[in-house]
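Undergrad: In this text, residue positions in the sequence shown follow UniProt numbering: the first is 1, and each later residue adds one.
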Amino acid sequence: MADFRQLALDFVLEDNKTKSVSIAQKAAKEIEASAPTSNPVARWVESVQPWMPGNNDDDLMRDAADTPDWSARSKALEFLSMTLSYLNPDVLKPSQVNLLVTFFGAMFDVDHKAGILPSATALSRIITMKSFHPNSGKDIIQKVCALKDDFPRQLSKTRLAVYELLRSLISNKEVAISLKQRDGDDAAFMKELLHLCQIERDPDCLIIWFDVLRLFLSRFSSSKETLEEVYGAFKAYFPITLPRTAQSGVTPEELKLQLRKCFSSSDSLAYLALPFLIGKLDQGDGVTVNVKVDVLRTIRACLEEYRDSKEAIIPYTNRIWTSLKYEVRNGEIEDTIWATLEVLKTLATRLTGDDLRDYTLTVTRDCVADLATPMYTTAAGRLLVSVLSANPSTFVLMVAPIITHIKENLRHPKSPTHSQDLLKILRIVLETRLLLTGVEMSEQERNDFAAVDGVFKTLYSDVYKSPLELSKKSDASDEDFKLSTEAAQGVGALAGQKEVQSLAPSISDAKLLLPASTCSESCETLFDITTIHWNERARRMGADDLVNESTKALQRIIQAYPEGFQSLISKGSSILRHSVTDFTHDSLDTIQSLGPLLAYVGCSTLSENLTQSLAQYIQTMMAIELELLAAIDQAASPRLWCALIAGIHSAVRYFNDACLERDAKAGAVDGLLSLDTITVKYPQLSSENVSSEADSSSSRPSLSSVSEARSDALLIGLHITGSLYRRTTKTAETGSYLALSDDFKNSEPQHERRYLYLLSELAGFIVHELSESQQASLEVEKYALNLFREEEIKLSESSSWSWLTRGDLSVLSLGVLEAVRPTRIARLYESGVAQQILAEGTAPGDSVTDITSRPVKRSILSVLANKHNIETLDPIMTNVEASLQDSLQKIKSSSSDDFSVANLETSFSIFSLIGGLLRRYSGSKVQPLIQVLRTVPNDARFGYQLARGLEIIVAPQRYLTKENYAVVRLLWLQKVYVELIKPMLEVALGNDASITDPVIKTNYSLAVLLMVKHLNFSIYEQDADKILRIAIAIAQNLGTGSDGMAALQVIKNILVEASEQAQDHIRSLVKICTGFFTNRGQSSSRPDWLPAEYGAVVATLEVQAGCGKIALEIVGGLPRMFEPRYLLAYEPQVQRDLSTACGHRVRELRSTARLARGAWADVK
């Protein structure tokens, strides 16, 4: 049996919170485990007796000055309180609970210094116990009120515990019933509490006290006198603020919200609260914006929460409207205006019948007159719409007179701006109707709603038709364009309106409100606007905004009226065909915009009818494909090809995004189709006439889910892409390989090449979006090799793949290959094709004559090395290592530049392959390769080019990211730094005694910098000082150029992360950087031993500007990184150089120079 006295003593003497909790838990377990006959509760309570007042053992609780040890007494009571926190609430008997209530309640009488906090905490726990008697609630409140004037003197922490105790009592239903029975409507206990807490100021306490008042008002029916006293208690705090110096976890908004709940807690407060709050608003300029918003939000809360609208709201309706309408009519502060509109809208939702009719009539009568006055038009519209949008009933009552007055004022506008404001109000009314059609309505509401439909049916001809034509005038002004833009938005909202009938099972099945002829006319008008070639003057006036809004409106109309899309496709095809035939710069712009326009209108959103959405997607794809093929047949400019294929790409992306937006999990589905059977499911894909698809709507296959729609769309896109691939290629005479088709005449090689890249990107996107099972079903890896010519190119029969990786067709292969998943790449290794490509691509002397194809070949090798564990294939690893050593040896020993170039290309290809490999694997199998790489810059003749080529190993590559299913280990860059870059850094610093040639050291320095610039600072932080030294040397020796820019970038990164590393190099940094952006002293600092070809390539304007910008950023950052005493010696010269740079021919450099100059102005 535990000794409670000893536990109590241990608790009092213990300062560690965790140990104190352990003691309390032990005491609680002992009470639960002890036999009732041993009276454990009494022994537990008596254990703190030595610290209680009136005890004979004064030596335990008195200090040397004969003063009670209040701290010890508080700890003793805390022992009891904490024990109760861990005690099972069902353990104590009623008599024991009553004993504890009496004991802790007595503390409020006899011990105002040490007993209040633990006693309040203990009583809060006791209230939750099973044996607690509700009648004890009144006794506890009386004990609390015994504190009287001592209560405000208690610490805020103690008062907070008391408030939480009071809240526990008031929120307890049984206690509340007991209090009602004992005190009746007079609620004397609450009057005592109001007197006790009347001067509370602590935010943490107030938020609980407000909650107590809220609970009382919402759960107790009290007399008018008591109600007014409680109201007066919290009204005195309104509006409430929180001092900036307040040390509280309560935010001002939380405090305001809790006080707001007091005002809205009971209907019986309406006669007090609403007049008071409205009166606050009527004080005018004497009320700040924040207070006004608080008042408005409180009024809104009252309107929302008061249950009896007849007694609590209707009597104040007119007064609320009369007071609040001027907050909008004459208001200038948006926060206040929006809060007011929310109140007026909420008021409308609480009214019904004649009361609602009277309110809407008052609002309409007061506001429609203002529509004729431009100064008040916008405010009147906001007031009308706020009430109109409350619910279908208010909409029905108000919409007809509003539209009538808008139409009347549009006939006689005071100004173009007046017309814009009226059109905007009308558009918002239409948008409101769209929202309300989706609201659940009764049968009567539906009939009433349908009764006002007639007012909308003539809006297009009466209101919108004329403004849309304004922009087509040759002398159209900016006001005309703005009117047309607003009208276009309105037409988009109008055409989507649907009838609301009780017979329609859903809004999507309802009929359109406008006749088909009006919808068709609006489609054609908007389409004409979007396809006009606007001149520069029109664009300055606002033609771009008009086109954008017209496009959005057109898309909305087609969603509601899909029948109109066929005519858009027909007109679009005609425009495309004419633009191809009559090729000009303007027609090229038309094609570039028209393809994406059709894609956006038809494919960017899914309707409820998935079959219809997919049909529009097919129409768009086929229409553009047919025009593209026609352009190729006519030998049109490849620039047109590029513009057309961009339209196909847009359609695929729009539809795919729309599917994912509707269903983020729209992935693979069962019963996957192949490219052969997709044309069976969608026979229109084989048609050469797009319009024939429209006639077969009855035979369209039904779609069961978004997943199926997305899957079919991707396969359709792949089918069309495959046909374009086949059109791009032809079978060579020998039949063993493919070549570019005869359509590519090399007349515009740059644009032909661009077309191949765009086609490749299209294929890559579609393959990327296929799931793993879909890729497996389609065997997509084969498309990267046969380029969709399965019959002509057999994987098992080809003896060489160099025609694919070394020529123009390589980019078509890469587009598919980079999006293929590793599991499918493994199939290429199983067939031996991948090994063959790697062997051919890394063979010594293997060179691609076309310089534009070299990066593509490297990318193919890198992808194949990354997406399969080639380190387990010893022949490949041995071959790669041997090829690298052989090519490097031939480079260093060659006397022919042409021969060296071929071997350099081989080396760079292997570097790229190793870059892909190292992202996935850096174990022992790659160590021989890394050992060879460390020696790459060790050549005075070709080491410079080889060193620069090492950058490809760590440089970010799009096709080597996880988004493209590449395998990328988290710490692969750290591994590369430790095993490759760091050893090369030591050589660059001269720590390798076998290398003394400064040219070779420069090679190593350059290799390190070009790789380090792609690393996070944390990777090379320990060597930052060493890297900074070689970066300064390279920047100083090589000057402006890509090498110098890499050095500056590294310097900048180090300064940003660890500026202290550069404190000893400030002089050098200032001299080097000012030389970069002033072009002063670049050649004089070049050492004599440096070969002429190092950095000899003339820097492009882009590189020159890049070097200058980084240099200016470094110089401009020095004053923020270092104290002025380190910079004063350089300040005059730097200021002169920065003044010169402020006149630089590049605008971005001028702005950076001005910022740097401002920073140096503080160096004094």
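We put the beta carbon where it would ideally sit given N, CA and C, even for glycine.
Helix, strand or coil for Thr731? Go by DSSP, reduced to three states.
TA: Thr731 falls in the strand class under three-state DSSP.
Undergrad: Please identify the residue among Lys892, Asn938, Gly943, Glu881 whose C-alpha is closest to the C-alpha of Val926.
TA: Of Lys892, Asn938, Gly943, Glu881, the residue nearest in Cα terms is Glu881.
Undergrad: At a cut of 8 Å, does the stretch 790 to 805 reach the stretch 931 to 949 through at least three beta carbon pairs?
TA: Flag = no, the stretch 790 to 805 and the stretch 931 to 949 do not touch.
Undergrad: What residues in its chain sit with their C-beta under 8 Å from that of Phe103, if we drop five residues either side in the sequence?
TA: Cβ within range, chain order: Val45.
Undergrad: Could you check where the alpha helix (DSSP H) with Leu740 kicks off and where it finishes?
TA: From DSSP, Leu740 is part of no alpha helix (DSSP H) but of the beta strand (DSSP E) over 738 to 740.
Undergrad: Please report the residue range of the alpha helix (DSSP H) in which Leu588 lies.
TA: That run of the alpha helix (DSSP H) goes 585 to 603.
Undergrad: Could you give the DSSP three-state label for Glu693: helix, strand or coil?
TA: Bear in mind that the predicted position of Glu693 carries a pLDDT of just 45, short of 50, making it too unreliable to give a figure here.
Undergrad: Within 10 Å of its beta-carbon, does Lys482 have 16 or more other beta-carbons around it, so buried, or fewer, so exposed?
TA: The residue is buried, with at least 16 neighbouring Cβ atoms inside 10 Å.
Undergrad: Using 8 Å as the threshold, is the stretch 936 to 955 in touch with the stretch 906 to 923, meaning 3 or more CB pairs across them?
TA: Yes: the two stretches touch, three or more of their Cβ pairs being nearer than 8 Å.
Undergrad: Under the DSSP definition of a beta bridge, which residues are partnered with Lys498?
TA: The partner list for Lys498 (beta bridge, DSSP) reads Leu512.
Undergrad: Quick check: what's the CA-CA separation for Phe79 versus Lys130?
TA: Spanning the two alpha carbons is a distance of roughly 22 Å.
Undergrad: Closer than 8 Å is the cut-off here; do at least three beta carbon pairs connect the stretch 857 to 864 with the stretch 809 to 819?
TA: Cβ pair count under 8 Å is three or more, so yes.
Undergrad: Go to Asp874, then tell me how far its alpha helix (DSSP H) extends in each direction, as first and last residue.
TA: Here the alpha helix (DSSP H) through Asp874 covers 874 to 893.
Undergrad: Assign Ile532 to one of three DSSP states: helix, strand, or coil.
TA: Note: Ile532 maps to coil in three-state DSSP.
Undergrad: Could you check the C-alpha separation between residue 1174 and Tyr617 for me, to the nearest Å?
TA: Here the chain covers residues 1 to 1164 and nothing more, so residue 1174 does not appear.
Undergrad: Roughly how many angstroms lie between the CA atoms of Leu235 and Glu499, to the nearest whole one?
TA: Correcting the residue type first, residue 235 is Lys in the shown sequence and not Leu. Rounded to the nearest angstrom, the two C-alpha atoms are 49 Å apart.
Undergrad: Taking only the alpha-carbon atoms, compute the straight-line gap between Asp663 and Gly1106 and give it to the nearest angstrom.
TA: Whole-angstrom Cα-Cα distance: 44 Å.
Undergrad: When you compare the stretch 1030 to 1046 with the stretch 1124 to 1136, are there three or more beta-carbon pairs, one atom per stretch, that lie closer than 8 Å?
TA: Not touching, per the Cβ criterion.
Undergrad: Here's a check: name, in chain order, each residue in its chain whose Cβ is nearer than 7 Å to the Cβ of Ala839, leaving out the five neighbours to either side.
TA: Hits under 7 Å: Asn879.
Undergrad: Here's the rule: buried if 16 or more other CB atoms are within 10 angstroms of the residue's CB, otherwise exposed. What is Arg365?
TA: Result: exposed.
Undergrad: From this set, Asp657, Gly284, Ile716, which residue's C-alpha is nearest Leu685's C-alpha?
TA: For the residues Asp657, Gly284, Ile716, the minimum Cα distance to Leu685 belongs to Ile716.
Undergrad: Is the Cβ-Cβ distance between Ser265 and Leu217 less than 9 Å?
TA: Cβ distance < 9 Å, so Ser265 and Leu217 count as in contact.
Undergrad: Taking a contact to mean a Cβ-Cβ separation below 9 Å, would you say Thr590 touches Thr677 in this structure?
TA: Cβ atoms of Thr590 and Thr677: not closer than 9 Å.
Undergrad: Are there three or more Cβ pairs, one per stretch, closer than 8 Å when the stretch 88 to 95 is compared with the stretch 124 to 142?
TA: Touching, per the Cβ criterion.
Undergrad: Hey, how far is the Cα of Glu223 from the Cα of Leu269?
TA: Before going on, a small fix: residue 223 reads as Ser here, not Glu. Those two C-alpha atoms are separated by around 12 Å.
Undergrad: Compare the beta carbon distance of Val41 and Gln96 with 9 Å and say whether it is the shorter of the two.
TA: It is a contact, given that the beta carbons lie within the stated cut-off.
Undergrad: Distance check for Leu1010 and Ile1114, CA to CA, integer angstroms please.
TA: Distance between the alpha carbons of Ile1114 and Leu1010 is about 19 Å.
Undergrad: Counting only the same chain and skipping the five closest in sequence on each side, list residues whose C-beta sits under 7 Å from that of Ala65.
TA: No answer about Ala65 holds up, because its pLDDT of 47 lies below 50 and its placement is not dependable.
Undergrad: Thinking Lys138 and Ser178 are a contact (beta carbons under 8 Å), I'd like their distance in whole angstroms, please.
TA: Lys138 to Ser178, Cβ: 7 Å. Contact.
Undergrad: Taking the alpha helix (DSSP H) that Thr394 falls in, what are its first and last residues?
TA: Taken as a continuous stretch (DSSP letters only), the alpha helix (DSSP H) holding Thr394 covers 392 to 411.
Undergrad: Tell me where the alpha helix (DSSP H) around Val976 begins and ends.
TA: Unbroken alpha helix (DSSP H) run through Val976: 972 to 976.
Undergrad: Would you call the stretch 406 to 418 in contact with the stretch 351 to 360, where contact means no fewer than 3 C-beta pairs closer than 8 Å?
TA: The stretch 406 to 418, when compared against the stretch 351 to 360, does not touch it at the 8 Å Cβ threshold.
Undergrad: Can you give me the Cβ contacts of Gly764 inside the same chain, cut-off strictly under 7 Å, excluding the 5 residues immediately before and after it?
TA: Answer for Gly764: Gly815, Val816, Glu818, Ala819, listed in chain order.
Undergrad: Counting only runs of 4+ residues fully inside the stretch 209 to 265, write out the alpha helix (DSSP H) ranges in chain order.
TA: With a minimum length of 4 residues, the continuous alpha helix (DSSP H) runs that stay inside the stretch 209 to 265 are 224 to 235, 252 to 263.
Undergrad: Below 8 Å, can you find three or more Cβ-Cβ pairs linking the stretch 380 to 392 to the stretch 341 to 356?
TA: Yes: at least three Cβ pairs fall under 8 Å.
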